[in-house]
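Note that the protein sequences, when read in sequence, are chains A and B.
Last residue of the first sequence: 445 (the working numbering), numbering continuous.
Last residue of the second sequence: 445 (the working numbering), numbering continuous.
We treat Cβ as the ideally placed atom computed from N, Cα and C, and that holds for glycine.
It should be emphasised that the depicted structure is a prediction, and the values quoted were computed from it without experimental measurement.
There are 2 protein chains.
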Amino acid sequence: MYLSKLFVPITKDLPAEAKIKSHQLMLRTGMIKQSSAGIYSWLPLGFKVMKKIEQIVREEQNAIGAQEMLMPTIQSSEIWKESGRYNDYGEEMLRIKDRQGREMLYGPTNEELITDVFRSSVKSYKALPQILYHIQWKFRDEIRPRFGVMRCKEFFMKDAYSFDLSDEDARKSYNKMFYSYLKTFNRMGLKAIPMAADTGPIGGDLSHEFIILAETGESKIYADKNIFKIDLNQYKFNDASLQKMREDFTKIYAVTDEKYKEVDFNKNVKKENQMLTKGIEVGHIFYFSDKYSKPMNCLIDDKKGKKTSVKMGSYGIGVSRLVGAIIEANYNDNVMKWPKTISPFDAVIIPSITKNNKENLEKAEKIYSELKKQNIDVLLDDVDENMSNKFKKHDLIGTPYQIIVGLKSKGDNFEFKELNSKSEILSLSKIIKKLKK
Amino acid sequence: MYLSKLFVPITKDLPAEAKIKSHQLMLRTGMIKQSSAGIYSWLPLGFKVMKKIEQIVREEQNAIGAQEMLMPTIQSSEIWKESGRYNDYGEEMLRIKDRQGREMLYGPTNEELITDVFRSSVKSYKALPQILYHIQWKFRDEIRPRFGVMRCKEFFMKDAYSFDLSDEDARKSYNKMFYSYLKTFNRMGLKAIPMAADTGPIGGDLSHEFIILAETGESKIYADKNIFKIDLNQYKFNDASLQKMREDFTKIYAVTDEKYKEVDFNKNVKKENQMLTKGIEVGHIFYFSDKYSKPMNCLIDDKKGKKTSVKMGSYGIGVSRLVGAIIEANYNDNVMKWPKTISPFDAVIIPSITKNNKENLEKAEKIYSELKKQNIDVLLDDVDENMSNKFKKHDLIGTPYQIIVGLKSKGDNFEFKELNSKSEILSLSKIIKKLKK
Numbered sequence: 009m010y011l012s013k014l015f016v017p018i019t020k021d022l023p024a025e026a027k028i029k030s031h032q033l034m035l036r037t038g039m040i041k042q043s044s045a046g047i048y049s050w051l052p053l054g055f056k057v058m059k060k061i062e063q064i065v066r067e068e069q070n071a072i073g074a075q076e077m078l079m080p081t082i083q084s085s086e087i088w089k090e091s092g093r094y095n096d097y098g099e100e101m102l103r104i105k106d107r108q109g110r111e112m113l114y115g116p117t118n119e120e121l122i123t124d125v126f127r128s129s130v131k132s133y134k135a136l137p138q139i140l141y142h143i144q145w146k147f148r149d150e151i152r153p154r155f156g157v158m159r160c161k162e163f164f165m166k167d168a169y170s171f172d173l174s175d176e177d178a179r180k181s182y183n184k185m186f187y188s189y190l191k192t193f194n195r196m197g198l199k200a201i202p203m204a205a206d207t208g209p210i211g212g213d214l215s216h217e218f219i220i221l222a223e224t225g226e227s228k229i230y231a232d233k234n235i236f237k238i239d240l241n242q243y244k245f246n247d248a249s250l251q252k253m254r255e256d257f258t259k260i261y262a263v264t265d266e267k268y269k270e271v272d273f274n275k276n277v278k279k280e281n282q283m284l285t286k287g288i289e290v291g292h293i294f295y296f297s298d299k300y301s302k303p304m305n306c307l308i309d310d311k312k313g314k315k316t317s318v319k320m321g322s323y324g325i326g327v328s329r330l331v332g333a334i335i336e337a338n339y340n341d342n343v344m345k346w347p348k349t350i351s352p353f354d355a356v357i358i359p360s361i362t363k364n365n366k367e368n369l370e371k372a373e374k375i376y377s378e379l380k381k382q383n384i385d386v387l388l389d390d391v392d393e394n395m396s397n398k399f400k401k402h403d404l405i406g407t408p409y410q411i412i413v414g415l416k417s418k419g420d421n422f423e424f425k426e427l428n429s430k431s432e433i434l435s436l437s438k439i440i441k442k443l444k445k
Numbered sequence: 009m010y011l012s013k014l015f016v017p018i019t020k021d022l023p024a025e026a027k028i029k030s031h032q033l034m035l036r037t038g039m040i041k042q043s044s045a046g047i048y049s050w051l052p053l054g055f056k057v058m059k060k061i062e063q064i065v066r067e068e069q070n071a072i073g074a075q076e077m078l079m080p081t082i083q084s085s086e087i088w089k090e091s092g093r094y095n096d097y098g099e100e101m102l103r104i105k106d107r108q109g110r111e112m113l114y115g116p117t118n119e120e121l122i123t124d125v126f127r128s129s130v131k132s133y134k135a136l137p138q139i140l141y142h143i144q145w146k147f148r149d150e151i152r153p154r155f156g157v158m159r160c161k162e163f164f165m166k167d168a169y170s171f172d173l174s175d176e177d178a179r180k181s182y183n184k185m186f187y188s189y190l191k192t193f194n195r196m197g198l199k200a201i202p203m204a205a206d207t208g209p210i211g212g213d214l215s216h217e218f219i220i221l222a223e224t225g226e227s228k229i230y231a232d233k234n235i236f237k238i239d240l241n242q243y244k245f246n247d248a249s250l251q252k253m254r255e256d257f258t259k260i261y262a263v264t265d266e267k268y269k270e271v272d273f274n275k276n277v278k279k280e281n282q283m284l285t286k287g288i289e290v291g292h293i294f295y296f297s298d299k300y301s302k303p304m305n306c307l308i309d310d311k312k313g314k315k316t317s318v319k320m321g322s323y324g325i326g327v328s329r330l331v332g333a334i335i336e337a338n339y340n341d342n343v344m345k346w347p348k349t350i351s352p353f354d355a356v357i358i359p360s361i362t363k364n365n366k367e368n369l370e371k372a373e374k375i376y377s378e379l380k381k382q383n384i385d386v387l388l389d390d391v392d393e394n395m396s397n398k399f400k401k402h403d404l405i406g407t408p409y410q411i412i413v414g415l416k417s418k419g420d421n422f423e424f425k426e427l428n429s430k431s432e433i434l435s436l437s438k439i440i441k442k443l444k445k
């Protein structure tokens, strides 16, 4: 993609309404545009990043055998009355009357709807275990939307639902999802800590939230550094190993300020391992047994032919929220560096262009076609602007690798720079090798 | 995927509410489940098909240089008041009041919102031409939703918007999209006819709808058979060639019953070329110049620095509707055969299994892993059921290629069948070659 063609309305103004750095960066680089309070359009740059995050989430859901489907955004109030949550949910639920006066709503979550799908589809334990998920827009009518995509009204979320015959099986599904979440966040270059959590309006007795470290995060984190020493690769994808994994993670001290007690922290964690930082919640998993299946009459035949309420859990990842959270975790000192796996581009070519000399631009175009042939998704900054401004701009766009075509490039050798590192002069073939690694 | 694990609630009952065959098939094979009137959940089988259609649409939009983005589903009424359509739109617009009493709506289309994005982002002719698109859920509060996903309330649609400096340039963008649409439908194995159309509530003076042939279609079609003889490959992706393409297509007689006049038909089309059939609209493109940019003050500087309203067109493809339309076009005599490019699976393995003999199942599992290694997306019917029932079921699921592991298979040779054709006995390596073609 040539930058002059890319629909990316970059602005130099620091947007006044943006209080945190992810919101600022997303507006400045034209990743998003607010359409009304707490509701955003995703412009091409932001859209690309979100799609990459979505795809990693999808792959790691599929990897544990979860099946993708899609529930609608608009739901009937009927099923929410069955579960008893229609009145409980409060004003954050966007309530709608259709033209015939029927009570509808924009789904803030989907426990009821998936239970309705399941009860009409599955009758026997033989089809279990089952995990279904979808990645769909949700709406919560926040009274004070803020922090850009971090606390907005319309948001993009992966929510999965597990169905099991017994409590014991359900906990196995829970562990699979626990594992999937850690792998998902790892692939995005994030350090995620699972923490025992309250279940809130979803319900149940077992719940973890996944919190990534970011100094600007909303929650204070008190944890033992050793939690980052656990190597996920040591676990196998079987019930016993995944159970051990969850135990290994959860026995290490890590709490948010809600549960923090100084005396516990000092008792459980050696001084040199004490980590005090901030974090952002990016995922939350729940096991709530028959909380929905019982009132909604979602029954299956067990091995003896007896009807029993299916045991359910639900598992969310904030896909649009992750875009903001990843910026919070990676944007420092006016430089944003996207993790390779979710960067909008694999590399950017930055030629030094002047009105009278387009030689560098021509070289850059040759490099561009070469990289394209190698399936490298590359941005070419063909804008006629001085190099200092270009570098500032690309420090914000955040492509992790730059190929600079200017004074230092000679013949087939070009300046190659990884953001936040020193540049080196490399041949194009070596650059390609690095980019494909 | 093993069929016993796939979440596909197949039912033998002919659903009473379904009046047309696509709706019947989608309910019977568990592709969708109605959640409330005109609103559906997409279960894994239907979801897979819809995603493949979406991906083809996306690739052909990208191929003409359109850039993907995403606008939200919930919009403020303000911009619709600016364009003047808030009152015009009528009761099909789902109107919503948020918790603070603000008038919102669920977007039925996005001319206003994209114009709002554009006017705040682009100021100069230098950034033109520009085509932006998104693939997003829309809502129309149909008074009588029917025909399953063909006329439902919440539907998935690709809508693109072009922005040009002049009327002349805008018609070039229009032609690009015309070309993209023909390629898109071709890739789905559909015969699509572009027909001059009325512009309706979108507005403008130039419009075509794309209609695919299906005997059960909603519109009667009167056309010259020669329209299918035009080879799209003869055109190049430049303005002159695309203009010629549009002229070639539109000079051949093809109208729906609204515009049909017997005398014209007989005058323009030789008897032996007269085609009288039915069709389904799957795409609609519009050029409406400054209909939205003018009232919404979406101005750009032209080459002389003078402010002028940008010239716009809009271009829709019904992605969820296409799933139904493709079934209408391909489901005959109780056999559904998906076009290869959008089939939920590349092939299905159907072993003959009895309680006492699992030998065929074991063979089938070996074939399954072999095909998986070759990146072939294969379904294995591991359900213990007689072959006659299995065949009936797979006639509905519609995977175009079957590998039958039963009496006729010997050693490494298996019965291989393309739906609606005779089977042959082939070695596994030959089968793989056929599937990869």
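- Residue 175/A sits in a helix when the DSSP states are folded into three classes.
- Under a 10 Å Cβ-count criterion, residue 248/A is classified as exposed, with fewer than 16 other Cβ atoms of the shown protein chains found around its own Cβ.
- By the neighbour-count criterion, in which 16 or more other beta carbons inside 10 Å mark a residue as buried, residue 75/A falls on the buried side.
- In the DSSP annotation of this structure, residue 318/B is not part of any beta strand (DSSP E), being labelled neither H nor E.
- Each residue's CA atom was taken as its position, placing residue 22/B and residue 332/B some 17 angstroms apart.
- Not a single CB atom of chain A sits nearer than 7 angstroms to the CB of residue 334/B.
- Taking residue 229/B as reference, the option from 374/B, 266/B, 112/B, 94/B with the minimal CA-CA separation is 266/B.
- If you draw a straight line from the Cα of residue 159/B to the Cα of residue 440/A, it is about 50 angstroms long.
- Along the segment 41-101 of chain B, the alpha helix (DSSP H) occurs as fully enclosed runs of 4 or more residues at 52-71, 85-91, 93-96, listed in sequence order.
- If you look at residue 112/A, you'll find it isn't in any alpha helix (DSSP H); it sits in the beta strand (DSSP E) that goes 111-114.
- Annotation: residue 176/A to residue 153/A spans about 40 angstroms, alpha carbon to alpha carbon.
- Proximity of chain A to residue 49/B at the Cβ level (cut-off 9 angstroms) is accounted for by 77, 78, 79, 80, 121, 122, 124, 125, 142, in chain order.
- By a beta-carbon distance limit of 8 angstroms, residue 69/A contacts residue 141/A. Their separation comes to about 5 angstroms.
- 321/A is the residue among 321/A, 442/A, 342/A whose C-alpha sits nearest the C-alpha of residue 213/A.
- For residue 352/B, no Cβ of chain A is located within less than 7 angstroms of the residue's own Cβ.
- Counting along the chain, the unbroken beta strand (DSSP E) around residue 200/B starts and ends at 200-204.
- In the DSSP assignment, residue 435/A falls within the beta strand (DSSP E) that extends over 432-435.
- Here the C-alpha atom of residue 95/B lies approximately 33 angstroms from the C-alpha atom of residue 268/B.
- The beta carbon of residue 252/A lies closer than 8 angstroms to those of 243 in the same chain, with the five residues before and after it left out.
- Residues of the segment 94-109 of chain B with a Cβ closer than 7 angstroms to any Cβ of chain A, in chain order: 99, 102, 104, 106, 107.
- If one requires a minimum length of 4 residues, the alpha helix (DSSP H) runs lying completely within the segment 351-427 of chain A are 367-381, 395-405, in chain order.
- Per the Cβ contact rule, the segment 355-365 of chain A is not in contact with the segment 200-209 of chain A (fewer than 3 Cβ pairs under 8 angstroms).
- For residue 232/A, the enclosing beta strand (DSSP E) has its first and last residue at 227-232.
- If the five residues before and after residue 146/A are omitted, its C-beta is found closer than 7 angstroms to the C-beta atoms of 115, 116, 117, 163, 165, all from its own chain and listed in chain order.
- Judged by beta-carbon spacing, residue 324/A lies within the 7 angstroms limit of residue 167/A, meaning their Cβ atoms are closer than that value.
- Contacts between residue 41/B and chain A, judged by CB atoms closer than 9 angstroms, involve 124, 125, 128, 129 in chain order.
- Nearest in C-alpha terms to residue 334/A, of all of 206/A, 197/A, 309/A, is 197/A.
- Here residue 209/B has 93, 96, 97 as same chain residues with Cβ atoms under 8 angstroms from its own Cβ, once five neighbours each way along the sequence are excluded.
- In this structure, DSSP gives residue 9/B a state outside helix and strand, which the three-state scheme calls coil.
- Boundaries of the beta strand (DSSP E) around residue 263/B: 262-264.
- Here DSSP, grouped into helix, strand and coil, assigns residue 170/B to strand.
- By the C-beta density criterion, residue 151/B is exposed, having fewer than 16 other C-beta atoms within 10 angstroms.
- Here the alpha carbon of residue 425/A sits roughly 20 angstroms from the alpha carbon of residue 391/A.
- Rounded to the nearest whole angstrom, the CA to CA distance from residue 91/B to residue 319/B is 15 angstroms.
- Per the DSSP secondary-structure output, residue 14/B pairs with nothing in a beta bridge.
- When DSSP states are grouped into helix, strand and coil, residue 304/B belongs to the coil group.
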